[in-house]
Each structure stands twice: as C-alpha cells, then as structure tokens.
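Residue numbers (UniProt numbering): 1 to 108.
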C-alpha cells in the first residue's frame with residue numbers, strides 16, 4: 001500500500017528534507033504541493049492525498065487550519081511551525097522530530 005503526501009506552504013529546506021526521505025521509500029509519494037490556502041482543499045482532494053504536511057507559519061496562521069479540519073476531518077495532518085505555541089493551540093497529538101516525521105509519512 002502506498003502513501004500519498006500533499007505539502008502545504010512547506011518551507012524550501014523542510015520540503016527538500018521530506019523529498020529526500022520520500023525518495024528512499026518506494027511506497028511514499030509526494031502527490032501535490034500548494035501555496036494558496038484558498039484552493040488547497042480542492043487540490044488535496046484531486047490529488048487523493050492520504051496525509052497533509054502543513055506549515056502553520058507565522059503567529060495567527062493556525063486559523064488557516066479551520067477549513068481543512070472542517071472539510072477533511074479524517075485527513076491526517078502533520079503540522080510544521082517555528083512557533084510551538086501556535087501548534088499547541090491546534091491540540092496536536094504530540095511533537096514531531098525528523099525521525100518521527102519519516103515514520104509518520106510511512107504509516108499515515
């Protein structure tokens with residue numbers, strides 16, 4: 001079974017890390033990337049993504065998660081942020097180190 005990953009507003013360095021990790025896994029694919037959060041839900045659906053990696057960016061940005069959470073409630077989300085407090089307000093299941101990120105991409 002393959003895992004289809006969709007990236008939203010992921011910074012270049014993190015995207016390169018994810019792409020390198022994904023290239024090592026024959027069953028994990030990056031199926032799309034978006035920078036315009038206004039159309040991202042349609043793009044995620046079109047790509048038939050299994051998991052979304054999202055940079056919640058600057059403070060206040062977690063509000064961009066609301067449409068994702070409302071319209072794709074079963075979609076696993078991996079959140080990236082420089083502001084741990086912003087992600088904490090989104091009530092995450094836990095913190096994500098790079099090794100955990102790689103395992104999460106393997107098993108959504």
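All residues carry an ideal CB built from backbone N, CA and C; glycine is no exception.
Just so you know, these numbers come straight off a predicted model, no measurement behind them.
Worksheet item: Between residue 5 and residue 51, is the Cβ-Cβ spacing less than 7 Å?
Response: Yes, Cβ-Cβ distance for residue 5 and residue 51 is below 7 Å.
Worksheet item: How would you call residue 55, buried or exposed, if buried means at least 16 neighbouring beta carbons within 10 angstroms?
Response: buried
Discussion item. If the criterion is Cβ atoms closer than 7 Å, does the pair residue 7 and residue 33 meet it?
Written reply: yes
Item to complete: Could you spell out the range, first to last residue, of the beta strand (DSSP E) harbouring residue 34?
Response: 28-34
Worksheet item: Going by Cα to Cα distance, which pick from 78, 47 and 38 is closest to residue 29?
Response: 47
Fill in: Distance CB(residue 14)-CB(residue 80) smaller than 7 Å
It is a contact, given that the beta carbons lie within the stated cut-off.
Fill in: Span of the alpha helix (DSSP H) around residue 22
12-23
Worksheet item: For residue 3, which residues does DSSP report across the bridge?
Response: Looking at the DSSP assignment, residue 3 forms a beta bridge with 28.
Worksheet item: What do you reckon, are the CB atoms on residue 53 and residue 22 nearer than 7 Å?
Response: no
Item to complete: For residue 36, collect the residues of the same chain with a Cβ closer than 8 Å to its Cβ; drop the 5 residues on either side in sequence, then sort them by chain order.
Response: none
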